[in-house]
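Remarks on the structure that follows.
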Amino acid sequence: MSSATQTTATAPIPLSSKPAGRASLGAKTACIRTFGCQMNVHDSDRIRRMIQDAGYAEVQRYEDADLVILNTCYVRENAVDRVKGHLGELNRLRREGRVKRVALTGCIGAAEESAALRETYDIDLVLGTHNTYELAEFVGLPTMRETYTPELPGTEGGHNAFVTIMTGCNYQCSYCIVPTVRGRMICRPMGSVIGEVERLVAGGTGYVTLLGQTVDAWRHEGKRFCDLLEAVSESAPRVWFTTSHPSNMEDRTLRAIGERDTLVKRLHLPVQSGSDRMLRVMHRGYKAERYRRKIEVFREAAPDGTLSTDIIVGHPGETEEDHEQTLRLVEDCSFDSAYIFKFSPRRGTEAASLPGTVPDAVVQRRFLEVLRLVEQNAFTRNQRIVGGEEEIYIRHGSTEDGKAIGETWSGHAVHVNTKAEPGNYVKARIESAGPHVLYAGEPGTLV
Ligand code: 5AD
Ligand code: SF4
C-alpha cells in the first residue's frame, strides 16, 4: 500500500482494470489512459466496454492506437499538468500520422478549463462525467440514452470489480472541485446495486469495492448505507468501500466492519485537518473531537483493522497552531497510512480566492512533518503483525522477482512469494514490515 504521497488520489490501492488484448492487423485500435481516483478507473471500465462493443481492440501504447481516450482528473493542478503533457505528445503523434482521433473525458472534460485545452490541443471530443454515454455515438455504436452513469454496465469477469453506488457530492468543501465537475449526489437504487453484485459474483468476481465520493451518505427509499453494505456483504465473498465522509459515518457501519467476515477491515476516512478552525473554514461539518470518537469506535470494533485518511496541508489561512493540531490528531489516531496533499488552488472553488496563502517552503515543511509522523506510526503498528500467519488475497500476480502483491483481511498490503493467480488466497507468515507494506515468507499454501 502506498502511503503518504502527494501524487496518489483517494484510492489507497489502485486496482487493476481489465487486461488489454493486442490489436490484430487491420483492426481498429483504441488506447484508454486513466488519471485519478477509483471512480475514474471504474468509468474507464465502462468506456472499455463501449469501445470493445464497437469493434476496437485495446492497445497500451499511443503509437499503436487509432483512437486515444484520456479519462481525466481535475482534483489538483498537477493532475491537469500531467494531462497537458499527454495531449502535447498526442499532437505530435497526430502530426506523424499515427493517432487519428483523441477524446477527453472525465473531470477535466466537465470543467471550464476543457475549452482552453481544446484551443491549444487537437481534441475531437470532450465529454464530462455525466454524458460519458455520448462516446457510444462517437465510436460508431447506436446512440445511448442514459439518465445517469451508474446504470451503464461495468466490466464483468475480473477477479475484483468496482460497483458505483452513488455519484456526485452534496458537500461544498472550500478547496474541492468535485461538486462542480461531478454534480450533486445521486444514489443508485439498492436493487440495482445488489443485482450488479450478484451478476459479478456469478461471473467469477471474488472482491467487490463499493464506490462513490461519499458512499456513507448513500440513502434510498428509507435505507441507509449500512443496510446496503450488509446486503452486499451477504452477496459477495470479499467487500470494501471507499470513500467516506466523517459526518455521515455511522457507528453501526463501523461495528459492521468488525463483525462481518466478508468485509475487509479497513477504513478510509478523510479528515483533512486536525484543527477545528480549519475544519470550519473548509466547511467539513465536524470537529476534530468527533472524528477522534469515530476512530475510537472503529479501533474497538476492529482492533486489527487498518485506518487511512486524507490530509491537506497549506490550505489558505493555515497557521502553525492549526498544523500542530493536525500533528496531534495524526498522533492520536495512529493512521496506518495517509494521503497527504499540498493545497492546490482550483479555479471556481472558494479556497482559490481566500487570503492567507501559505508560502511553498512552509507547505513543504508541514508536508514532511505530517508524512514522517504517519510513517513512524505506521511502522510501529506494522511491527506488531510480524511473526503472525495471515490469509492473503492476491491482487496482482507475481512479477519476475517472484513477488505477488496481496492484501490481508485487515487491509494491509503484503508482498508474498507465490505464483498464485490474482483472486486466489494464500496463507503465509509475515516476516518483516516497513511503513507501507508487509513482507511474507516462503510460498503460502493455496487456500
Ligand atoms: N488541493 C489539495 N488537495 C485536495 N484534495 C481535494 N481537493 C484538493 C485541493 N484543491 C484532496 C482531499 C481529498 C482528496 C481526494 O484530494 O484530501 O480528500
Ligand atoms: Fe470534495 Fe468535500 Fe465532496 Fe469530498 S466531501 S468530494 S472533499 S466536496
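Numbering follows my numbering, with no gaps: position 234 of the sequence shown is 234.
All C-beta atoms in this analysis are idealised placements derived from N, C-alpha and C, irrespective of residue type, glycine included.
The structure displayed is predicted, hence computed values, not measured ones.
Per the DSSP secondary-structure output, Trp240 pairs in a beta bridge with Thr209.
If you look at Asp310, you'll find it in the beta strand (DSSP E) that goes 306-313. Annotated three-state conformation of Tyr175 is coil, per DSSP. In this structure, Ser235 and Val197 form a Cβ contact; the two beta carbons are roughly 5 Å apart against a cut-off of 8 Å. Distance from the CA of Ile47 to the CA of Tyr74, rounded to the nearest whole angstrom, comes to 19 Å. Within 7 Å of the C-beta of Thr129 there is not a single heavy atom belonging to the ligand SF4. Taking C-alpha positions only, Lys287 is separated from Asp276 by approximately 5 Å. DSSP, read as helix, strand or coil, puts Arg199 in helix.
In this structure, Ala57 sits away from Gly140, with a CB-CB distance that is not shorter than 8 Å. In terms of CA proximity to Ala161, Val41 leads the group Val41, Ala352, Ile32, Glu259. Residue state for Glu400 is assigned as coil, using DSSP reduced to three classes. Using a C-beta cut-off of 8 Å, the region 252-272 makes contact with the region 310-326, since at least three inter-stretch Cβ pairs fall below that distance. Comparing C-alpha distances from Ile194 to each of Thr214, Tyr207, Pro179, Leu228 shows the shortest one belongs to Leu228. Here Leu368 is exposed. Its C-beta has fewer than 16 other C-beta atoms within 10 Å. At the C-beta level, Leu104 and Ile123 come within 8 Å of one another.
Using a Cβ distance threshold of 8 Å, Ala428 and Ala420 do not count as a contacting pair. The C-alpha of Ile385 lies about 20 Å from the C-alpha of Asp332.
A Cβ-Cβ contact shorter than 8 Å links Met185 with Asn170. At the C-beta level, Thr262 and Phe241 stay beyond 8 Å of one another. Shortest Cα-Cα distance from Val178 to any of Arg347, Gly356, Val83 involves Arg347.
With fewer than 16 other beta carbons inside 10 angstroms of its own, Glu289 counts as exposed. Looking at Arg292, Pro359, Arg284, the one whose alpha-carbon comes closest to that of Thr319 is Pro359. Short of 6 Å from the beta carbon of Ile295, and not among the five residues preceding or following it, lie these beta carbons of its own chain, in chain order: Cys333.
Annotation for Phe241 indicates a beta carbon at 7 Å or more from all heavy atoms of the ligand 5AD. Val102 is not a Cβ neighbour of Ser174, given a cutoff of 8 Å. Look at the region 20-79 and you find these whole runs of alpha helix (DSSP H), each 4 residues long or longer: 38-53. Counting only runs of 4 or more residues that sit fully inside the region 108-138, the alpha helix (DSSP H) segments are 113-120, 135-138, in chain order.
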